[in-house]
Every structure is written in C-alpha cells, then in structure tokens.
Ligand code: SUG
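Numbering (the working numbering), first residue to last: 110 to 524.
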C-alpha cells in the first residue's frame, strides 16, 4: 500500500555553526557559536521516534562524508586557505533532507514510477557538494527500478533546492496529486535559490501532467524577510495548505488555481496581522510537519520555538479552538538544527511509496532507533567550535563516527 514515509536526515557528527547561508537569518545569527553535534543528533532521533510512536512510517538518510575529500580535491585546497571553504568541506548540511531531492509519487507520473531528482543546491557552495553523495544513497534506498527512478541533479545553471520548494496536494497520499513548484525571482537582497527553469526541468523529467502541475512565484517580500525556502512560510498535506498570507507573489491567483485543480482543497491562511512574516520566520511556525495520523486527523509538528512564541501561540490556540482541519499541534525540540535555520520540515524528505519496496536498511523501527542512539552517544563529538574545523583529531573523530554508524546499519557500501 502507498504511504507517506518521512526520511529524516541523521544529523552528522560535524554539525557546526559557521554562518555559511546568506539569507538564512538563523545561520547568520548563530555564526561562530559552539554547536553540540551529539545533542543535535539525539534531538533529531527523538523527533523520528515521536513520529514513529504516532503510528507513521519513518525512514532516514545518512550523513555524508565530511570533511569532504572530493570537494577539497576539486577546489585544490586543504582547507587552510580560507575558513569559509574549510567550513564548507565540513558542513553537516545534508541533515536537511527536504533539500535532498524533489519527489513525485507514482500516481502523479506518466510511467507510474515514483521519481526522485536530487537537488543541485548550487546557490550555496557548502550545499552544492551534496548531490552526488545524495544520489548514491537514494540509488541504494530506492533501488527497485520497477517502482522508482532516481535522477541526477538538473544542470547547475538552474538553481534547485528540492522538496523545500515543492508541495503536493491530493485527496489522499496514494491518489493523483497536484504538484506545486514554488520559485523565486532574483534581484532582491538575498538569493532566490529556487529557479523557475529548474522546477520545469524536474516536472518534465518526472512526467507530470501539466494540468496537475502549478508553477508559483514566491513573494519577494518573503525572501527578503528571510524565507530562503518556501517551506519557511507554507506547508501542504493532502487537501490542506497551511500558509502565511505573504508566502506567494499572487496569493489569490495561487489559491484559485489550487481550488480549480483540487476542489476539496482547504487553505488555512495565517494573516500578517496575527503573525507577521518576521514572527513566522523567527518562530518557524510553517516549517512544520503537517501529518495525517492513522485516525485520519491532521497534526502539525512544530518547533518548540513556535510553541513558545506568544503571538504564534495565540494564533495556534485560536486555530485549535476553531473547527479547522488541523486538529493537533505537537511541539518538538530540534533547537540545535533550528539555530542553523532547519526546523522539523527541513529535516525530512517525504516519499509516498509502499515501505516494502524501499531498502529496509533505511527504514526505522524502535530497535534500530536504540542502536542508532547508542552509536551517536558513543561517537558523536560533544561540541564543536567553528575554530576547531580543520583539526586532524576532530577530523578523525568525525570520520570514525560516521563509519561506526554505517557499520551498525550494514551500509558499508556508503563508506
Ligand atoms: O540551506 N542551513 C540550511 C538550512 C536548510 C533548511 N532547509 C529547509 N528550509 N528546507 C540552508 O541554509 C547553515 C549552514 C551554516 O551556516 O553553517 C545551512 O546550510
């Protein structure tokens, strides 16, 4: 049976705050601080367990090789030349698997396979190195070629940031969907990371029906306020779109196009008068997992920062008291990731598939969660200051920590 499976990125042992992402206010705001990779990875694992306990299908993707020898060789550097290049080679940014790929489930595609296109992430040098290793991993996890097609990234001139700028609406996960690609136009103070042409390439490759595909411009005001990905201001699940009033350049036109394609759509708009763009971006209210629980009810998994934000909380309390489609709000602690601009939604890639068709090594259960936890507790560094990046001792610890996890999960082909 087709189900939504959330593949969370296990937070890697080199997690650090180097301030690499222009336009990502949290990353800039925490630049130079000491990070806590072990606590970060345990927070991410606790979020996965939380979703597992709700009765949902949960998978994971593994940290990529860091410091990345392929990247350092490609730029003919050992890292000592420039602290930003060194930090790029050490970045644990692959944890944010919403940027790993764009996924079109089988019901939406011309050949009836689930298509995944790895995101090229070209706008940020520390992220542009991810995709070849991501593809390697996706090809193992989704090796069943009768069910899946994994594509390389689109050519680098077209910026693609993957599922973070892609929403899918449908009556039920296993039915024909409406795929909505959200792109930004360049010219503002911050980079528009998702280009329209990249979105169109992905839609063509995946064999999507043009009548069930929308290309929507992100509001430049939202990008300028720090919404470097659309999933910082909107999230969709099945028939529900939960969005900030200022997410899209043409909100009314966008809502009308969605309703025309999917008459049962329910659009929950948070007005700027209740939650400003600034509050939405500071709290990451929309970087939430909007989930359909086994009961059929929808729940919103939000970061603690949103729950603790007075104006956001007021709006959430009002929403829960009303008769809206989102019936539960479930706060989780992912503060270590949040300080780099990665909330609950950034940490997961949604794939609609039959879990039995996925390589079982990438699927989580409670026993495996305990084994992963033990490896993290034993091997992940307790803390890293960006000044420590480049240390040979730390490099050795980071490499051996990842290797220990791959061995525990019988994924030695990824070493
Ligand atoms: O690409 N942060 C990530 C956060 C990605 C969030 N993902 C989604 N919104 N889906 C980024 O900006 C920070 C790295 C640093 O500063 O060291 C970083 O890459």
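Here a beta-carbon is modelled for each residue, glycine too, at the ideal position from N, C-alpha and C.
Keep in mind that this is a model prediction, so the values were computed, not measured.
Between the alpha carbons of residue 285 and residue 383 lies a gap of roughly 34 Å. The residue among 493, 254, 225 with its C-alpha nearest the C-alpha of residue 243 is 225. Residue environment for residue 328: buried (at least 16 other C-beta atoms within 10 angstroms of its C-beta).
Under the DSSP definition of a beta bridge, residue 226 partners with 211, 260. Here the alpha carbon of residue 181 sits roughly 7 Å from the alpha carbon of residue 188.
Under a 10 Å Cβ-count criterion, residue 222 is classified as buried, with 16 or more other Cβ atoms of the shown protein chains found around its own Cβ. Relative to residue 310, the option among 496, 321, 264, 343 whose CA is nearest is 264. In this structure, 514 is the residue among 510, 514, 267, 436 with its C-alpha nearest to the C-alpha of residue 471. Inside the region 329–376, DSSP marks whole beta strand (DSSP E) runs of 3 or more residues at positions 343–346, 349–353, from first to last along the chain.
When only Cα atoms are considered, residue 272 and residue 494 end up about 30 Å apart. In this structure, residue 132 lies away from residue 267, with their beta-carbon atoms at least 7 Å apart. Distances from the CB of residue 217 to the heavy atoms of the ligand SUG are all 6 Å or more. Taking a 10 Å sphere around the C-beta of residue 427, we find fewer than 16 other C-beta atoms and assign the residue as exposed. For residue 291, DSSP records a beta bridge to 325.
Just so you know, the alpha carbons of residue 214 and residue 501 end up roughly 43 Å apart.
Taking all protein chains in view, the Cβ of residue 173 is crowded by 16 or more other Cβ atoms within 10 Å, so the residue is classified as buried. By the neighbour-count definition (other C-beta atoms within 10 Å, threshold 16), residue 270 is a buried residue.
The C-alpha of residue 364 lies about 19 Å from the C-alpha of residue 386. For residue 130, the Cβ falls inside the 6 Å cut-off from some heavy atom of the ligand SUG. Listed in chain order, the non-local C-beta contacts of residue 468 below 8 Å within the same chain comprise 249, 250, 251, 252, local neighbours out to five positions each way being set aside.
When DSSP states are grouped into helix, strand and coil, residue 274 belongs to the helix group. In the DSSP assignment, residue 115 falls within the beta strand (DSSP E) that extends over 112–118. Between residue 507 and residue 122, the C-beta gap is smaller than 7 Å, which places the two residues in contact. Between residue 342 and residue 395, the beta carbon gap of about 5 Å places them in contact (Cβ cut-off 8 Å). In this model, residue 141 and residue 129 are separated by some 10 Å (Cα to Cα).
Judged by DSSP secondary structure, residue 411 falls outside any alpha helix (DSSP H) and instead within the beta strand (DSSP E) spanning 407–412. Partner residues in a beta bridge of residue 300, as assigned by DSSP, do not exist.
At a cut-off of 6 Å, the beta-carbon of residue 455 counts as near the ligand SUG: some heavy atom of the ligand is closer than that.
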